[in-house]
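Student: Attaching a single structure in structure tokens format; questions to follow.
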């Protein structure tokens, strides 16, 4: 009986540690400071936007691999949170299908969604909205959108572009953070 309980405890321990490893963002301390002082209190990310078109639809996908938190000097490895087989995969986004990075250091979320039948990618963080369309951006939060890698003739095909995005993020007080970890 004692051995059975020990085995059950071991299985529970392995399962609980495996699950928590997937839910906690992995990050590494960044050895550099941003060269642009305007990024000192910002988080930035590079977003790959892929669009597949048929004669009647535009379907949008994104790939986000890491988020740089310049305020705290860390890089959050988003790709490591996905299953190994999906690390280089794209995620579908639409008006109803949202990609979310939950639990950033300041306890906020970043959401990214697509605009159906459109080229627009919309982001939101802590109530601040920014987009691949310049009209939606501000000095506080923005995306610099690169051009498409190819033109689609005859209305069928796929194309890709890169967005460089930034949004405000707060420096975490070390005292508060270390107290939380205790």
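Residue numbers (our numbering): 3 to 184. Glycine is no exception: its CB is placed at the ideal position from the N, C-alpha and C atoms. This one's a predicted model, so the numbers in the text were calculated from it and none came from an experiment.
Buried or exposed for residue 86, please, with buried defined as at least 16 other CB atoms from any protein chain shown within 10 angstroms of its CB.
Tutor: exposed
Student: If you compare alpha carbons, which of 51, 70 and 69 is closest to residue 61?
Tutor: 51
Student: What residue range does the beta strand (DSSP E) around residue 59 cover?
Tutor: Element bounds for residue 59: n/a, residue is neither H nor E.
Student: According to DSSP, residue 159 sits in a beta bridge with which residue or residues?
Tutor: 55
Student: Taking the alpha-carbon positions, what's the residue 104 to residue 110 distance?
Tutor: So the alpha carbons of these two residues sit roughly 7 Å apart.
Student: Examine the Cβ distances between the segment 127-136 and the segment 86-97 and report whether three or more of them are shorter than 8 Å.
Tutor: no
Student: Quick one: give me the first and last residue of the beta strand (DSSP E) that residue 126 is part of.
Tutor: Secondary structure note for residue 126: its beta strand (DSSP E) is the uninterrupted segment 123-127.
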